[in-house]
Amino acid sequence: VQLQASGGGLVQTGGSLRLSCAASGTIFNDRPAGWYRQAPGDLRELVASITRGGETTYRASVEGRFAISRDKAKNALYLEMNNLKPEDTATYYCNAIKTYDSDYFSWGRGTQVTVSS
2 VQLQASGGGL VQTGGSLRLS CAASGTIFND RPAGWYRQAP GDLRELVASI TRGGETTYRA
62 SVEGRFAISR DKAKNALYLE MNNLKPEDTA TYYCNAIKTY DSDYFSWGRG TQVTVSS
């Protein structure tokens with residue numbers, strides 16, 4: 002499976018962006034999936050996740066501001082980001098959720114989100 006994230010950009014504090022993730026294979030739909038981000042010098046962290054059934058969870062710092070969704074017909078994953086803050090600045094990636102018996106797919110290039118103060 003190849004994953005391609007897009008939709009990043011430069012926005013001011015309080016702005017919004019919608020990230021999209023296109024997966025090359027339908028197997029992506031069979032796994033819980035998530036959006037991750039990595040800022041320079043930091044470890045990659047999980048921002049939001051969605052199960053096969055559509056249940057969502059969020060990192061505390063983005064709760065109420067971000068919304069994850071998926072469109073199985075399009076093998077796609079989305080992240081709606083509102084009220085963006087400078088601390089949201091990072092490269093954002095989409096991938097499956099790693100479990101005890103299932104690893105990540107290959108990481109794509111990610112999409113850069115920069116929030117200016």
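Per this note's numbering, the very first residue in the sequence shown carries number 2; after that it's consecutive.
For every residue, glycine included, the Cβ atom is placed at its ideal position computed from N, Cα and C.
Please state the DSSP three-state secondary structure of residue i.
| i | result |
| --- | --- |
| residue 67 | strand |
| residue 31 | helix |
| residue 1 | Given a span of 2 to 118 for the chain in the structure shown, any question on residue 1 remains unanswerable. |
| residue 88 | helix |
| residue 103 | coil |
| residue 21 | strand |
Contact defined as beta carbons within less than 8 Å: I believe residue i pairs with residue j. What is the distance between those atoms, to the nearest angstrom?
| i | j | result |
| --- | --- | --- |
| residue 9 | residue 90 | About 10 Å; that fails the 8 Å criterion. |
| residue 67 | residue 49 | 6 Å |
| residue 108 | residue 93 | In fact, because the Cβ distance is near 12 Å, the residues do not count as touching under 8 Å. |
| residue 59 | residue 96 | Contact doesn't hold; Cβ gap of about 16 Å is too wide. |
| residue 71 | residue 23 | The Cβ separation is near 12 Å, so there is no contact. |
| residue 114 | residue 18 | 6 Å |
Where does the unbroken beta strand (DSSP E) through residue i begin, and where does it stop?
| i | result |
| --- | --- |
| residue 96 | 91-97 |
| residue 37 | 34-39 |
| residue 17 | It is not in any beta strand (DSSP E) - residue 17 carries neither H nor E in the DSSP assignment. |
| residue 81 | 77-82 |
Pick out whichever of the options has its Cα sitting closest to the Cα of residue i.
| i | options | result |
| --- | --- | --- |
| residue 3 | 87, 78, 116 | 78 |
| residue 13 | 84, 6, 105, 54 | 84 |
| residue 11 | 53, 99, 82 | 82 |
| residue 119 | 63, 45, 69 | Because the chain is modelled from 2 through 118, residue 119 falls outside the range shown and cannot be assessed. |
| residue 32 | 80, 106, 21 | 106 |
Using the DSSP secondary-structure output, state which residues sit across from residue i in a beta bridge.
| i | result |
| --- | --- |
| residue 10 | 114 |
| residue 120 | As displayed, the chain neither begins before 2 nor continues past 118, which places residue 120 out of reach and without an answer. |
| residue 43 | BP columns for residue 43 are empty, so no partner. |
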